[in-house]
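Enquirer: Supplied in structure tokens, the structure appears directly below.
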Amino acid sequence: MRYEEIVHRCFRCGYCKLAGDYSDFNCPAYRKFMFETYSPGGRMWLIRAWLNGDIKNSERFQEILYSCATCANCVEHCVFTFSEDLVNIFIATRGELVSKGIIPPPVRDYFKNISISGNPYKEPAEKRGQWSEGSLVEEYKDQEYLFYIGDVGSYDERGKKIAKAVGNLLIKAGLSIGILADKEMGDGNEVRVLGEEGLFKYLAEGNISLFKEKGIKKIITLDPHSFNAFKNDYPELGGAFEVYHYTQIMAPLMESGTVALKDLALRVTYHDPCYLGRHNGEYDAPRRILKSIPGIDFIEMEHSRDNAFCCGGGGGNFFTDILGGGEESPSRIRVKQSLQTGASIIAVACPQCAKMLDDAVKVEELEDKVEVLDIAEIVGRAMA
Amino acid sequence: MSEIFKALAEIVGENYVSYQPEELFFYSRDPGLLPANKPDFVVLPKTSVEVQEVIRLAKREKIPIVPMGAGLALTGLVIPLKGGIVVDMKRMNKIIEVNEKARYAVVEGGTSQGFLKSYLEKNYPRLRHSIPDAPPAATIASNVIIHGQGRLTQQYGFNSDMVCGLEVVLPSGEICNIGSSSISSDWFSKGAPLPDLSGLFLGWFGTTGIITKVGLKLYPKKKMRDVEIFVTDNENLVPDMVYEITHTEMIEDVLIFTQPLPMMFKDNHHVSFYLTGDTDEEIEFKRKMVWKALEGFIKSKDGGFMSIPPAMKGSLLEMPQTSASRLADVKRGGGFEYSGPIISVERYPECSRKLVEMSLKYDLAYSGMVRIIGRGHSMMFGFAFTFNRADADMMDRTKKALEEISCYVLDIGGVYWKPTVAEQKIAIEKMDSNTRHLMRMVKDILDPDGIMNPGNWEVY
Amino acid sequence: MDFDRESAKEEMLKIFRGEDSPVLHSCVTCYGCEEYCKRCNHPFYLITERRQEKGILTAPRAITRQWINIGEPLGKYRLGEVKERVLSFGFMPEFLDLVKGKLFEDVMPSYIFGQEFFCNVVYIHFASTAIIKERLPVIIDNFRKLEVKEVVCMHDECYGSFTSLAPAYGIEVPFKPIHYFEYLYNRLKELRSMIRPLNIKAAYQRPCSSRLSSDKHHFVRDIMELIGVDLVDRKYQDENALCCGDIFGMMFGYDLRNDVQKRNLDDMAENGAEYCFFNCPACQNALSEKVIKAGLKPLHIIDLCRMAIGEEPEMGV
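Protein chains in written order, with the numbering used here: chain A, 1 to 384; chain B, 1001 to 1460; chain C, 2001 to 2317.
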């Protein structure tokens, strides 16, 4: 197995479980389950035990592996030199389980839906671009940027609203963007992190070929998960494009007043998406946008930036729900953390985070206290 | 088995009890060298009452119970030697109270060192506790129960000396308050002016009860902190240097290290000491006093202050020091273990020579890590070896080296700290027979069924 | 040391003859006399040789041993894309961060770093000429193997080693050493159109090693004039400069080090300096905190030059 030579080096010291200031446990799976086995160190020791034949593949083992949200808190806080490969190790182990065909049913179903329908929602491809009806966004025909939506933005109800808000914002800011609509294929980020390398390659190569065919050089993504795949995984498959998350394009435009805004007197906090923040080091662009809106009272959560607590949607959990719900589910914890700021809005920059936190607000019955909005939706409210 | 599972599930909730192979594997071992032994169950209680119910069940069913913090003692104290129920305390992680004026905190039995540090920094920036260099996931209760040491040990003794009260669940199932909290709502003392019952629990590794709350003394935290390192090539002079440094009463912590790598440390002994102050004047005065105290050694060329590169200084000033954990990967193998006897400071020369001897004999990478306790009343001399967990031969050599050191230190007047079961047996053998008998009496009264972390402190 | 001219002469003659002298016990190794001697008789190298011969330690044994260990080549060096002209970082890792931007873009990434290229001059502080004689020829041979023609020495100890120490010990140097001040000055002239005068007052912390390259000291003023920095006129400058004092702490304890540092920093502050810029990273490490407490901003000269052409300083202010 790839990275096999690293797994025995874990000291199970527990730095990986914690936030950088040690103020709390910051690993979503450990926080939820509280058994050491669900912490990154626990996972490492179990992977080694499994490779050595000391334990067998079981439902529990699969749950432990697939409950990892790949949020990279462990990568950030592990004190050893191999820390940068921690999430890679978990993904590689998932890959081993996939190749042996012994994986949790929700994971299996996810792959099946992607393979058959091209998306995890089992919806027809023709419906992919329908979110754009009534928006200012048109199909791609040599515009400067491809505006890439992804599965969640294309099919999920909440995601579609965000896609519309972001698309409209980009157009109003004067950007030349177009979408692939029904020709768009999934980016494969979740396929890869769930361990299906072959399917990921198929999707990636398909996308790369399509983008090149259409002469696409620059891509703006809606979803940080897509951003991550295009930026970090596509180049080695021949897909070298100029890739941005939409907040990176919008930040300088907002600061220079390209979009006319009125005062919006709101206290807002921001939840860093793991695939924009820890995985790709982008913490500032979303904040710059929020701070450029007149009237906004921006306040940080205690755990923010590289210490942000994951919503629990990453690592494929958005689709497989292996991390599960309950009082100690990461999204509910995160929403409760946001309450400490006194903010009435949790700003997000990821449709998966939006949905996870939205659902948590509802379960916690906090709809009268806090609202989850994408940054583009907040800007939309402030537009003159 | 399933009846016990159901009963435990009823106490802690189904989500917080397991007998799955994965948990049994993980909780059967610690990151040290000792052989694993599987428990039958792992439970994660949330409250003292849940702990109480678990113990009552265990007593009823005669099932062993092993309380566990983060399992970072490395000497097998959380390995369930006779199976049973491992009680992972880390869901009990609240900071219950901080009394700023009386300078104490009351925390739950699974609260981590890191939690308390962070909490104090944010809410009581003029207070600190004696944090060890164990990873921040280590718990406060575990640290005091093994008589751990920390940053304030040079000033105030073992971390267990800084306890100001306990709540314990006895093997019989009663919940007891120990110290002033047994009478008063204030946790200012673990014993005095009453008979000090804390000694029935501190140092006993959970064989006499489970600590569910700890009252911990806090101390003034100054705004500034700095470190200096005094280097000598002559280990025989180290005790004198420590004596002079501690005489000044100007310093926070004294740590001595000796190791062959990186090259800048080779063949020398490094006496590092920490200074704190609220103003430049305060810290500079303290620095001057200590420098002056060591001037004689500088004049005779027997020692001198080294220039500390900024990156190294940053690492030395961390609390806890991440470099202490990183020792585990020197051999790219995730392992280190140390024997850390408590011994007179005067024995530093012999101990450092023994360390080198063992490392050569068994071909091991080593680090000597020493912390001064009290004003030089004693020291913890850590004979630390780093090993590769994937190299069975290296692990075996490390074990042998530590066994040989175990015998040696006893001969030169040391006392084991957080001893392995084998060391406990040796210590009991060597102990004064009346003391041994007293220990037996304590265990017989408190744990007649022998269910509490059995195998540990077995006195016959 | 307080000698009148005649007594000083006498002591030097004693030292020359191999006799004992209080100088051999009291010299604090500031390297100053290497600059003061206009006849290039290398008085400080001679003092160091005599100390080595007589076993007179300057620093505590353990500190000497530490420095010898630090400089031992271990095969862990780093080579950039080495060309005929190369930047030598010695083994000061600070240069790996400092050497960036337009000032170096025509040379980088041609650089070398590691103990294998360490000039060994520091051992004259420790009277360890034996180490120098053992290691320096090997170091120079390492350069020879790289077939470099010009070595831009990023520290004046390196420059001093190849232009002063090696020749003094009869070791041939097969390349042209260039002091990085000279390099910076010439490069700044090439980038003149980018320079925006900084209009700040600064004091220069001249290191001991600069005494070995005193012919290049004028570049400090030349560079400051070019980038619009007012080099404050103060007591301890040029030939009267005070070193950072770090070595004194190792060798003599608290008082001498503190006295030298206090006088130096007070002198900077009293003469209106807003910045203190450094040549030597070791001085910068030793003094930065104290510079800040004295109300000045510490900066390496490279960072100062980068600021002048509109770049962000790497090591911060």
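Even glycine gets a Cβ: it sits at the ideal position worked out from N, Cα and C.
Model, not experiment: these values are computed from the prediction.
Do you know how far the Cα of residue 186 of chain A is from the Cα of residue 128 of chain A?
Expert: Distance between the alpha carbons of residue 128 of chain A and residue 186 of chain A is about 10 Å.
Enquirer: What residues from chain B crowd round residue 115 of chain A, counting only those whose CB sits closer than 7 Å?
Expert: Within 7 Å Cβ-Cβ: nothing; residue 115 of chain A doesn't reach chain B, min ~30 Å.
Enquirer: Closer than 6 Å by C-beta to residue 1418 of chain B: which residues in its own chain qualify, once you throw out the five before and the five after it? Chain order, please.
Expert: Counting only Cβ-Cβ distances below 6 Å, and skipping sequence neighbours, we find 1073, 1075 and 1146.
Enquirer: Can you tell me whether residue 342 of chain A is buried or exposed? The criterion is at least 16 other CB atoms within 10 Å of its CB, across all chains shown.
Expert: With fewer than 16 Cβ atoms within 10 Å of its Cβ, residue 342 of chain A is classed as exposed.
Enquirer: Okay, do the region 96-108 of chain A and the region 355-364 of chain A touch, 3+ Cβ pairs below 8 Å being the bar?
Expert: Because the criterion of three Cβ pairs below 8 Å is not met, the region 96-108 of chain A and the region 355-364 of chain A do not touch.
Enquirer: What whole-angstrom Cβ distance do residue 2175 of chain C and residue 2149 of chain C have, given they're in contact under 8 Å?
Expert: About 6 Å separates the two Cβ atoms, so the contact holds.
Enquirer: Please report whether the beta-carbon of residue 1326 of chain B lies at a distance below 8 Å from any beta-carbon of chain A.
Expert: Yes, residue 1326 of chain B lies at the interface with chain A (some Cβ there is under 8 Å from its Cβ).
Enquirer: Would you kindly check if the distance between the Cβ of residue 2042 of chain C and the Cβ of residue 2034 of chain C is under 8 Å?
Expert: Cβ atoms of residue 2034 of chain C and residue 2042 of chain C: closer than 8 Å.
Enquirer: Terminal residues of the continuous alpha helix (DSSP H) containing residue 1057 of chain B?
Expert: Per DSSP, residue 1057 of chain B belongs to the alpha helix (DSSP H) from 1048-1061.
Enquirer: Per the DSSP calculation, residue 9 of chain A is bridged to which residue(s)?
Expert: DSSP lists no partner for residue 9 of chain A.
Enquirer: Please return the same chain residues whose Cβ sits closer than 6 Å to the Cβ of residue 226 of chain A, not counting the five positions on each side in sequence.
Expert: Hits under 6 Å: 148, 150 and 187.
Enquirer: What number of angstroms, rounded off, separates the C-alpha of residue 1339 of chain B from the C-alpha of residue 2302 of chain C?
Expert: Approximately 49 Å between the Cα atoms of the pair.
Enquirer: State the Cα-Cα distance for the pair residue 316 of chain A and residue 37 of chain A, rounded to the nearest angstrom.
Expert: Rounded to the nearest angstrom, the two C-alpha atoms are 19 Å apart.
Enquirer: Taking DSSP as the reference, what is the three-state secondary structure of residue 2022 of chain C?
Expert: DSSP places residue 2022 of chain C in helix when its eight states are reduced to three.
Enquirer: Which residues does DSSP pair with residue 1154 of chain B in a beta bridge?
Expert: According to DSSP, residue 1154 of chain B bridges with nothing at all.
Enquirer: Go through its chain and collect everything with a Cβ distance to residue 2314 of chain C's Cβ below 7 Å, but skip five positions before and after it.
Expert: 2097, 2098, 2100 and 2303, listed in sequence order.
Enquirer: Nearest to residue 1042 of chain B by CA position, among B:1012, B:1216 and B:1336, is which residue?
Expert: It is B:1012 whose Cα lies nearest to the Cα of residue 1042 of chain B.
Enquirer: Could you tell me if residue 1141 of chain B is buried or exposed, where buried requires 16 or more neighbouring beta carbons within 10 angstroms of its beta carbon?
Expert: Buried.
Enquirer: Residues of chain B with a CB under 9 Å from the CB of residue 23 of chain A: which are they?
Expert: Those are 1114, 1115, 1117, 1118, 1119, 1121 and 1122, listed as they occur along chain B.
Enquirer: Would you mind working out which of B:1204, B:1433, B:1270 and B:1281 sits nearest residue 1455 of chain B, comparing C-alpha positions?
Expert: For residue 1455 of chain B, the nearest C-alpha among the options comes from B:1204.
Enquirer: Residues of chain A with CB under 8 Å from residue 1274 of chain B, in chain order?
Expert: Under the 8 Å cutoff, chain A gives no residues; its nearest Cβ is about 20 Å from residue 1274 of chain B.
Enquirer: Closer than 7 Å, Cβ to any Cβ of chain C: which residues of the region 1296-1314 of chain B, in chain order?
Expert: The residues in question are 1298, 1301, 1302, 1303, 1304, 1305, 1306, 1307, 1309 and 1310.
Enquirer: As an exercise, report each continuous beta strand (DSSP E) stretch of at least 3 residues that is fully enclosed by the region 2165-2218 of chain C, in chain order.
Expert: Entirely contained in the region 2165-2218 of chain C, the beta strand (DSSP E) runs reaching 3 residues are, in chain order, 2176-2179 and 2200-2205.
Enquirer: Looking at C-alpha atoms only, which residue of A:107, A:30, A:91 and A:53 is the closest neighbour of residue 318 of chain A?
Expert: Cα-wise, what sits closest to residue 318 of chain A is A:107.
Enquirer: Would you tell me roughly how many angstroms separate the C-alpha atoms of residue 1197 of chain B and residue 1184 of chain B, rounded to the nearest one?
Expert: Approximately 16 Å, taken between the alpha carbons.
Enquirer: Between which residues of its own chain and residue 1373 of chain B is the CB-CB distance below 8 Å, once the five residues before and five after are set aside?
Expert: Only 1149, 1153, 1154, 1157, 1158, 1342, 1379 and 1380 meet the Cβ criterion.
Enquirer: Would a check of beta-carbon distances place residue 1091 of chain B closer than 8 Å to chain A?
Expert: Cβ-Cβ to chain A under 8 Å: yes for residue 1091 of chain B.
Enquirer: Suppose the cutoff is 8 Å on Cβ atoms and the five residues either side in sequence are ignored; what does the same chain contact list for residue 1366 of chain B look like?
Expert: Taken in chain order, the residues that qualify are 1259, 1260, 1355, 1356, 1358, 1359, 1383, 1384, 1385 and 1386.
Enquirer: Do you know how far the Cα of residue 2065 of chain C is from the Cα of residue 2012 of chain C?
Expert: Straight-line Cα distance between these residues: approximately 28 Å.
Enquirer: According to DSSP, is residue 1076 of chain B part of a helix, a strand, or is it coil?
Expert: Coil.
Enquirer: Out of B:1242, B:1025 and B:1237, which has the shortest C-alpha to C-alpha gap to residue 52 of chain A?
Expert: The residue with the shortest Cα to Cα distance from residue 52 of chain A is B:1025.
Enquirer: Just to confirm my understanding: we take residue 1391 of chain B, look at its own chain, exclude 5 residues before and 5 after, and list those with CB closer than 7 Å. What are they?
Expert: Cβ neighbours of residue 1391 of chain B beyond the five flanking positions: 1333.
Enquirer: Got a sec: does the ligand SAH put a non-hydrogen atom nearer than 7 Å to the Cβ of residue 2238 of chain C?
Expert: Here there are no bound small molecules, and the ligand SAH is not part of this structure.
Enquirer: Is there contact here, the region 40-56 of chain A with the region 344-354 of chain A, by at least three beta-carbon pairs under 8 Å?
Expert: No contact exists between the region 40-56 of chain A and the region 344-354 of chain A.
Enquirer: List the whole-angstrom C-beta distance separating residue 1305 of chain B from residue 1229 of chain B, where the pair is believed to meet the contact cut-off of C-beta under 8 Å.
Expert: Residue 1305 of chain B to residue 1229 of chain B, Cβ: 7 Å. Contact.
Enquirer: Which residues in the same chain have their Cβ closer than 6 Å to the Cβ of residue 2274 of chain C, if we skip the five residues on either side of it in sequence?
Expert: Hits under 6 Å: 2200 and 2201.
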